[in-house]
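A.B. asks:
In the working numbering, the protein residues as written are 1 to 123.
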């Protein structure tokens, strides 16, 4: 995903779920190409209890790219840094093995797109 500024949802935007049902967001790349570090919003999230059994979002192995190289998730109305989430959700492993970096070059982004599409140029 390459996110342009429109309504702040960015990479992830979920509503609360019934216990035992939730959202899975794994193995994605999301590039936010405007001035924000907020990569998503999770409704029904308790920022003081990321390891609680009510936490229904399964987010792992994602790669976020922002202008600043910082990624934050809005949880229960509070912005939490990706590293904070990883540190405080060891049981639920929220964002396990997810990373953040600065926006890569256009050629790198095109390389990823070609690999996803299995596209080769014919000369």
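Heads up, the beta-carbon is just placed ideally off N, CA and C, and yes, glycines get one too.
These numbers were taken from a predicted model, which means no experiment stands behind them.
(1) Within the continuous beta strand (DSSP E) that includes residue 62, where are the two ends?
(2) Between which residues of its own chain and residue 14 is the CB-CB distance below 7 Å, once the five residues before and five after are set aside?
(3) Run the CB neighbour count on residue 105, radius 10 Å, all protein chains shown included, and call it buried at 16 or more, exposed below.
(4) Relative to the C-alpha of residue 92, which candidate in 100, 11 and 50 has its C-alpha closest?
(5) Thinking residue 63 and residue 108 are a contact (beta carbons under 8 Å), I'd like their distance in whole angstroms, please.
(6) To the nearest angstrom, how far is the alpha carbon of residue 88 from that of residue 94?
(7) Helix, strand or coil: which one does DSSP assign to residue 23?
(8) So what's residue 32 in DSSP terms, helix, strand or just coil?
(9) When DSSP labels each residue in this structure, what does residue 83 get in the three-state scheme?
(10) Who are residue 101's beta bridge partners in DSSP?
(11) According to DSSP, simplified to helix, strand and coil, what is residue 73?
(12) With respect to the beta strand (DSSP E) encompassing residue 49, which residues constitute its N-terminal and C-terminal limits?
C.D. replies: According to the structure data:
(1) Here residue 62 belongs to no beta strand (DSSP E), and DSSP marks it neither H nor E.
(2) Counting only Cβ-Cβ distances below 7 Å, and skipping sequence neighbours, we find 23, 42, 43 and 57.
(3) Under this definition residue 105 is an exposed residue.
(4) Ranked by Cα distance from residue 92, the first of 100, 11 and 50 is 50.
(5) Taking 8 Å as the upper bound for CB-CB distance, residue 63 and residue 108 are not in contact here, some 12 Å apart.
(6) Distance from the CA of residue 88 to the CA of residue 94, rounded to the nearest whole angstrom, comes to 9 Å.
(7) The answer is strand: DSSP assigns residue 23 an E or B state.
(8) Strand.
(9) In the structure shown, residue 83 adopts helical secondary structure according to DSSP, grouped into three states.
(10) Paired residues: 65.
(11) DSSP places residue 73 in strand when its eight states are reduced to three.
(12) Careful: residue 49 lies outside any beta strand (DSSP E) and carries neither H nor E.
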